[in-house]
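Just so you know, my numbering puts 291 at position 291 of the sequence shown, and the rest follows in order with no gaps.
Glycine included, C-beta positions come from ideal geometry on N, C-alpha and C.
Keep in mind it's a predicted model, so treat the numbers as computed, not measured.
Comments concern the structure below.
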Amino acid sequence: MITQNQILRTIRAAPARLSHTIQAHPALGRTALSRRVCEVFNFRDARGQLQHAGCLKALKTLESEGRLALPASRRTATGPLVRLLDHPVPEARAVPRSLRHLRGLEVIPVTCPEQRAVWSTLMHAEHPRGVTRFAGAQMRYLVCSDHGILGAVGFAAAALYLRARDRWMGWTDAQRQQHLFRVVGLSRFLIRPGVRCAHLASHVLGTVLRRLPADFARRYGYRPWVVETFVGPGQQGTCFRAAGFKYAGQTTGRGRHARTLACHKSRKSVFVYELDRRWRRTLGVPAVSLYPKRAVGAGLDSAGWVQQEFGEAPLGTRPAWSRAWAFCPGCRGCR
Numbered sequence: 001m002i003t004q005n006q007i008l009r010t011i012r013a014a015p016a017r018l019s020h021t022i023q024a025h026p027a028l029g030r031t032a033l034s035r036r037v038c039e040v041f042n043f044r045d046a047r048g049q050l051q052h053a054g055c056l057k058a059l060k061t062l063e064s065e066g067r068l069a070l071p072a073s074r075r076t077a078t079g080p081l082v083r084l085l086d087h088p089v090p091e092a093r094a095v096p097r098s099l100r101h102l103r104g105l106e107v108i109p110v111t112c113p114e115q116r117a118v119w120s121t122l123m124h125a126e127h128p129r130g131v132t133r134f135a136g137a138q139m140r141y142l143v144c145s146d147h148g149i150l151g152a153v154g155f156a157a158a159a160l161y162l163r164a165r166d167r168w169m170g171w172t173d174a175q176r177q178q179h180l181f182r183v184v185g186l187s188r189f190l191i192r193p194g195v196r197c198a199h200l201a202s203h204v205l206g207t208v209l210r211r212l213p214a215d216f217a218r219r220y221g222y223r224p225w226v227v228e229t230f231v232g233p234g235q236q237g238t239c240f241r242a243a244g245f246k247y248a249g250q251t252t253g254r255g256r257h258a259r260t261l262a263c264h265k266s267r268k269s270v271f272v273y274e275l276d277r278r279w280r281r282t283l284g285v286p287a288v289s290l291y292p293k294r295a296v297g298a299g300l301d302s303a304g305w306v307q308q309e310f311g312e313a314p315l316g317t318r319p320a321w322s323r324a325w326a327f328c329p330g331c332r333g334c335r
């Protein structure tokens, strides 16, 4: 399996070979040309199929940089980004408040255009971030029941750079470039606004995550190791924690496609989930502790013991901190 970045680096490193391939096939369109370049450079996925979509994206990148000239696009019109239904998805009816009373709950992979249209319509109408075209390897699911469709889930390519995730994984930059395809992003998760069923969200997450590796293997020929996702400001990520996700840190606020160091977006919490508990041994990286441990009583006699013990915990107003000082043995409130 060759990542998008590796494809781009490979053809950048062989400009003469790439130029010869393009000049030798002047009658080919962009898609056919990308397939030919894949054959020449042997860009294939885990199933042995040509990675022409990733190759075409890399060729377009080189064209935007002025390094080559591709044939003119033969597309005469552009359609919508996604296909939507011409009517809303029917509301779920008589959904019980308790998970154990829910009938016929099932998580179904999206495998046909009709299901894809239902999934896209749900996200477009009911998800806060709407619907978008996913990048890279992707999976979509519908959460169905006898009461109707309860929600939808979508996975896509992981972020290229993510400091909190990479620190938690403990891999080198070279390892990240080589194995990033083993990390997938939980890009969309929706339980419909009208559905009020206790523990449904974490139950759906657990169900999807258990079947995700096998579904990925059937579609793409490999099993992912880790899932990453983000939780926005003001949210605790309770359902993710309940499903077994681990908090890895905060984003910088630069955004997925940032080209500068400026931080224009809100900072989000990063959560990760291990699909394969053996991935560290496979990759040869040790476990990383994000929360260093101290010996019992260490540092409590210093002036900064409050910061050490509580850090950025939300203790409320300033008087709450004052009360913490007041009841500390040895501090000025006890003398």
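- Straight through space, the alpha carbons of Pro113 and Gly130 are spaced by roughly 19 angstroms.
- Per DSSP, reduced to three states, the secondary structure at Ala135 is coil, with no helix or strand assignment.
- Below 8 angstroms, enough C-beta pairs join the region 19 to 39 and the region 51 to 71 to call them touching: three or more.
- The region 80 to 95 makes contact with the region 191 to 204: 3 or more CB pairs, one atom from each, lie closer than 8 angstroms.
- Rounded to the nearest angstrom, the Cβ distance from Thr111 to Leu84 is 18 angstroms, too far for a contact under 8 angstroms.
- The beta carbon of Leu205 sits closer than 6 angstroms to those of Ala243, all from its chain and outside the five residues before and after it, given in chain order.
- Under the Cβ criterion (8 angstroms, minimum of three pairs), the region 14 to 33 counts as touching the region 64 to 71.
- Your pair Ala152 and Arg188 checks out as a contact, with CB atoms roughly 7 angstroms apart and the cut at 8 angstroms.
- Val270 sits close to Phe230, with the two beta carbons spaced by under 8 angstroms.
- Inter-residue distance for Lys246 and Val285 is about 18 angstroms (C-alpha atoms, whole angstroms).
- For Cys144, DSSP records a beta bridge to Glu106 and Ile149.
- Secondary-structure assignment with DSSP links Ile191 through a beta bridge to Gly151.
- Counting only unbroken stretches of 4 or more residues, the alpha helix (DSSP H) elements lying wholly within the region 271 to 309 are 279 to 283, in sequence order.
- The alpha-carbon separation between Glu63 and Arg12 amounts to approximately 11 angstroms.
- In the DSSP secondary-structure assignment, Lys246 is bridged to Val272.
- DSSP links Thr229 through a beta bridge to Phe271.
- For His87, there is no enclosing alpha helix (DSSP H), since its DSSP letter is neither H nor E.
- In the three-state reduction of the DSSP assignment, Leu68 falls in the coil class.
- The beta carbon of Gly154 sits closer than 6 angstroms to the beta carbons of Arg140, Ser187 and Arg188 from its chain, once the five residues preceding and following it are set aside; these are given in chain order.
- Three or more beta-carbon pairs separated by less than 8 angstroms are not found between the region 163 to 170 and the region 206 to 213, which leaves the two stretches without contact.
- Assigned with DSSP and collapsed to three states, Val37 falls in helix.
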